[in-house]
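Notes for the one structure printed next.
Residue numbers (my numbering), protein chains in the order written: chain A, 643 to 922; chain B, 263 to 567.
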């Protein structure tokens, strides 16, 4: 079974395999020191991006659990939107492996088509969207379509799905990925999902990226539309974050450690993903 | 009325010609017409254009089997596991043949089908601005919107030659009830030149007429309907069976190389004569384990007057 610490539903397995050992090391290291995994910290950080009453384009894997945590803690009024046509105002009763699994349909708020969900997005009524990606760059542009390997050969990834739509049209979006230098290049090889382009004024619609939550840190964006280091996860230093980022990352003068997950948040995620399928 | 109730074999023989554009897998991860896709492979169809949003691994299987010349989709892979190897081999190495990929987003694909359903040549949208998806897809172009002067993107209509629908139940005339997430199914049904319905069960017409809000497919648009129990396995059908998660993992492991895939194709598609033989191979115990355990009936709606 894939035990990924990321929202990687749209990421190539070749890349996953390359980082699998790295994941295991981080998971062990963080868990050994703190009693929670890097993925659990990422879930908690993602959950805190959800405000009560938000309409959230949820996505799968870690953000799905973040939605459950937020619903059960600080954001009971949040509504989840799934691009297959499902709206939910209660979390699914069982763990989901895909958004179209039975438990996501049973007890849903509404089951319609994709256009109804995309209509909510395009008309500006989706406050927050979550995305995974193979690459995220300096200006929050995301790539999940094609990357180059070390020899320069193109590796084809699955593609956008709804990612481009969520990035282009939600009021704000949050990306989650593994923090590795080759995953955070100065400029992505292909813009699947637009961030701030080359600058904040380059955006055509939607609010753009609000945060990038990685296995090491949380990045946010300056008024000019450039990513900066907002917080580093416990057990990771600013220097390690900078060394593993593909451009000279700006650091906030107020940079501090990412707050660890609370007991309440950990209970919410562990009672949902009991085996730790996505979070261990 | 001409009899539309046929076998799956006959439906594919008559209505999926070589070179056709075929829309399928329209509800994303659920209700994917795997039985129909496997029959298309068995009949050796060639040069197809596959149309769908998130196709999951049926597209990968059809590409690996050499049926496909072109894909118009937002995502091709294995939703649970990430990439799908046949798609990669086709795009990266031209194995077993070159496949042209026309990348869409879920929304632009839905709009392309909706445009065709409405009978208009394109629809406008704000999505995909500043993306390479829009920049590289010849069927998405920028234009200045009338009335407001905004820069928008126009998405060209897609008219599939045939849309293949997976339904919970249908009547012999092809009227079909579908429930759960609908994805782009309603758009693809109305967009297509022809519609094939694959149903878990064929029921009397009065069952359909008792609940017309659930009739997503009107029979007069349908050219063929076939009864194929478990026709969507390994994908789920709400109220019938759950997703066979192990299948997606096994497929991922068993198709890493071309030789492995050829063996897989022989064992699971070319070998079994039909769907019944396929299900026999999967095994009764495994199928039974996927059956719905806890019923959740909807309240009755009064359609009286």
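Cβ atoms here follow ideal geometry from the backbone N, Cα and C, with glycine treated the same way. Small disclaimer: the values here were computed from a predicted structure and weren't measured.
Practice prompt. Evaluate the contact criterion for the region 393-412 of chain B versus the region 435-448 of chain B: three or more CB pairs, one atom per stretch, below 8 angstroms.
Written response: With fewer than three CB-CB distances shorter than 8 angstroms, the region 393-412 of chain B does not count as touching the region 435-448 of chain B.
Practice prompt. Give, in chain order, every unbroken run of the alpha helix (DSSP H) that is at least 4 residues long and sits entirely within the region 269-339 of chain B.
Written response: 270-277, 296-304, 319-326
Worksheet item: DSSP three-state call for residue 500 of chain B: helix, strand or coil?
Response: The residue given as residue 500 of chain B occupies position 238 in the second chain. Correct three-state label for residue 500 of chain B: coil.
Worksheet item: With a cut-off of 8 angstroms, do at least 3 Cβ pairs link the region 322-339 of chain B to the region 757-765 of chain A?
Response: Flag = no, the region 322-339 of chain B and the region 757-765 of chain A do not touch.
Practice prompt. Give a yes or no on whether 8 angstroms exceeds the smallest Cβ distance from residue 884 of chain A to chain B.
Written response: Translated into positions along the first chain, residue 884 of chain A becomes position 242. No, no contact with chain B.
Item to complete: Report all residues from its chain with a CB closer than 6 angstroms to the CB of residue 435 of chain B; omit the five preceding and five following residues, and keep chain order.
Response: The residue given as residue 435 of chain B occupies position 173 in the second chain. Excluding residues within five positions, the ones whose Cβ falls inside 6 angstroms are 481.
Discussion item. Against residue 447 of chain B, what residues of chain A qualify as contacts under a CB-to-CB distance less than 8 angstroms, listed in chain order?
Written reply: By 1-based counting over the second chain, the position of residue 447 of chain B is 185. Those within 8 angstroms of residue 447 of chain B in chain A are 755.
Discussion item. If the criterion is Cβ atoms closer than 8 angstroms, does the pair residue 431 of chain B and residue 469 of chain B meet it?
Written reply: Reading the second chain from its first residue, position 169 is the one you call residue 431 of chain B. Reading the second chain from its first residue, position 207 is the one you call residue 469 of chain B. Closer than 8 angstroms, so yes.
Worksheet item: For residue 543 of chain B, does the three-state DSSP call read helix, strand or coil?
Response: Here the question's residue 543 of chain B lines up with position 281 in the second chain. Note: residue 543 of chain B maps to helix in three-state DSSP.
Worksheet item: Applying a beta-carbon distance threshold of less than 7 angstroms, which residues of chain A neighbour residue 390 of chain B?
Response: Position 128 of the second chain, counted from the first residue, corresponds to residue 390 of chain B. Within chain A, the residues near residue 390 of chain B are 806, 810.
Practice prompt. Pull up the distance between the alpha-carbon of residue 793 of chain A and that of residue 800 of chain A, whole angstroms please.
Written response: Residue 793 of chain A sits at position 151 when you count from the first residue of the first chain. Residue 800 of chain A sits at position 158 when you count from the first residue of the first chain. Cα to Cα, residue 793 of chain A sits roughly 21 angstroms from residue 800 of chain A.
Worksheet item: In or out: residue 864 of chain A buried (at least 16 other Cβ within 10 Å) or exposed?
Response: Looking up residue 864 of chain A in the first chain gives position 222. Flag for residue 864 of chain A reads exposed.
Item to complete: Might you give, ordered along the chain, the residues of its own chain that have their beta carbon closer than 8 angstroms to the beta carbon of residue 355 of chain B, omitting 5 neighbours on each side?
Response: The residue given as residue 355 of chain B occupies position 93 in the second chain. No residues qualify anywhere along the chain.
Practice prompt. Count the other CB atoms, across all protein chains shown, that sit within 10 Å of the CB of residue 770 of chain A; report buried if there are 16 or more and exposed otherwise.
Written response: By one-based count along the first chain, residue 770 of chain A stands at place 128. It counts as buried.
Fill in: Candidates A:908, A:747, A:826, of which the one nearest residue 891 of chain A by Cα
Residue 891 of chain A sits at position 249 when you count from the first residue of the first chain. Looking at the Cα atoms, A:826 is the closest of the given residues.
Worksheet item: Can you list, in chain order, the residues of its chain whose CB lies under 6 angstroms from that of residue 330 of chain B, leaving out five sequence neighbours each side?
Response: The count along the second chain starts at 1 and reaches residue 330 of chain B at position 68. Within the same chain, residue 330 of chain B has close Cβ partners 310, 312, 324, 361.
Worksheet item: If you measure beta-carbon to beta-carbon, which residues of the region 429-458 of chain B are closer than 9 angstroms to chain A?
Response: Of all residues in the region 429-458 of chain B, 441, 442, 443, 444, 445, 446, 447, 448, 449 have a Cβ within less than 9 angstroms of some Cβ in chain A.
Worksheet item: Do you know offhand how far residue 559 of chain B's Cα is from residue 884 of chain A's?
Response: For the purposes of this step, residue 559 of chain B is taken as residue 297 along the second chain, with counting starting at 1. For the purposes of this step, residue 884 of chain A is taken as residue 242 along the first chain, with counting starting at 1. Taking the straight line joining both Cα atoms gives about 55 angstroms.
Worksheet item: Is residue 477 of chain B helix, strand or coil by DSSP?
Response: Reading the second chain from its first residue, position 215 is the one you call residue 477 of chain B. The DSSP-derived three-state label of residue 477 of chain B is strand.
Discussion item. Please state the DSSP three-state secondary structure of residue 551 of chain B.
Written reply: Against the second chain, residue 551 of chain B aligns to sequence position 289. In this structure, residue 551 of chain B counts as helix in the three-state DSSP scheme.
Practice prompt. Can you say whether residue 875 of chain A is buried or exposed, counting buried as having 16 or more other CB atoms within 10 angstroms of its CB?
Written response: In the first chain, counting from the first residue as 1, residue 875 of chain A sits at position 233. So residue 875 of chain A ends up on the buried side.
Discussion item. For residue 337 of chain B, which residues in the same chain have their Cβ closer than 6 angstroms to its Cβ, ignoring the five residues on either side in sequence?
Written reply: Within the second chain, residue 337 of chain B is the residue found at index 75, counting from 1. 316, listed in sequence order.
Discussion item. Taking its Cβ as the centre, do 16 or more other Cβ atoms sit within 10 Å of residue 906 of chain A, making it buried, or is it exposed?
Written reply: The residue labelled residue 906 of chain A in the question sits at position 264 within the first chain. Under this definition residue 906 of chain A is an exposed residue.
Worksheet item: Taking the runs of the beta strand (DSSP E) that are 3 residues or longer, which of them lie wholly in the region 823-885 of chain A?
Response: Those beta strand (DSSP E) runs which fall completely within the region 823-885 of chain A and span 3+ residues are 851-856, 859-863, 869-874.
Practice prompt. Kindly list, in the order they appear in chain A, the residues whose Cβ is closer than 9 angstroms to that of residue 354 of chain B.
Written response: The sequence position of residue 354 of chain B within the second chain is 92, counting from 1. Simply 795, 796, 797, 798.
Worksheet item: For residue 677 of chain A, which residues of its own chain have a beta-carbon under 6 angstroms away from its beta-carbon, when the five flanking residues on both sides are left out?
Response: Indexing the first chain from 1 puts residue 677 of chain A at position 35. Cβ-Cβ distances below 6 angstroms link residue 677 of chain A to nothing in the same chain once the five nearest sequence neighbours on each side are left out.
Discussion item. I'd like to know if the region 375-384 of chain B and the region 450-463 of chain B are in contact, where contact means that at least 3 CB-CB pairs between them fall below 8 angstroms.
Written reply: yes
Discussion item. If you follow the alpha helix (DSSP H) that residue 467 of chain B is in, where does it begin and where does it stop?
Written reply: In the second chain, residue 467 of chain B corresponds to position 205, counting from 1. Counting along the chain, the unbroken alpha helix (DSSP H) around residue 467 of chain B starts and ends at 467-471.
Worksheet entry | Contact set between residue 743 of chain A and chain B, taken where Cβ atoms lie within less than 7 angstroms | Taking the first chain and counting its residues from 1, the one referred to as residue 743 of chain A is at position 101. Under the 7 angstroms cutoff, chain B gives 498, 505.
Discussion item. Out of A:889, A:726, A:761, which one is the CA nearest neighbour of residue 292 of chain B?
Written reply: Position 30 of the second chain, counted from the first residue, corresponds to residue 292 of chain B. When A:889, A:726, A:761 are compared, the shortest CA-CA separation from residue 292 of chain B is found for A:726.
Worksheet item: Should residue 747 of chain A be flagged as near chain B, meaning a C-beta pair shorter than 8 angstroms?
Response: Taking the first chain and counting its residues from 1, one reaches residue 747 of chain A at position 105. Taking Cβ atoms only, chain B reaches closer than 8 angstroms to residue 747 of chain A, which makes this a yes.
Practice prompt. Go through its chain and collect everything with a Cβ distance to residue 870 of chain A's Cβ below 8 angstroms, but skip five positions before and after it.
Written response: Stepping through the first chain from its first residue, residue 870 of chain A is reached at position 228. Non-local beta-carbon contacts of residue 870 of chain A in its own chain, meaning distances under 8 angstroms to residues more than five positions away in sequence, involve 861, 862, 863, 864, 891, 892, 893, 894 in chain order.
Worksheet item: Just by C-beta distance, which residues in the region 541-562 of chain B are closer than 7 angstroms to chain A?
Response: 558
Worksheet item: So residue 744 of chain A is in the beta strand (DSSP E); what residue range does that whole segment cover?
Response: Translated into the one-based positions of the first chain, residue 744 of chain A becomes position 102. First-last for residue 744 of chain A: 744-747, but that is the alpha helix (DSSP H), not the beta strand (DSSP E).
Worksheet item: Going by Cα to Cα distance, which pick from A:734, A:724, A:902 is closest to residue 690 of chain A?
Response: Residue 690 of chain A sits at position 48 when you count from the first residue of the first chain. Out of A:734, A:724, A:902, A:902 has the C-alpha closest to the C-alpha of residue 690 of chain A.
Worksheet entry | Below-8 angstroms beta-carbon distance, residue 914 of chain A vs any chain B residue | As a first step, residue 914 of chain A must be located in the first chain, where it is residue number 272. Interface flag for residue 914 of chain A against chain B is unset, since no Cβ pair is found closer than 8 angstroms.
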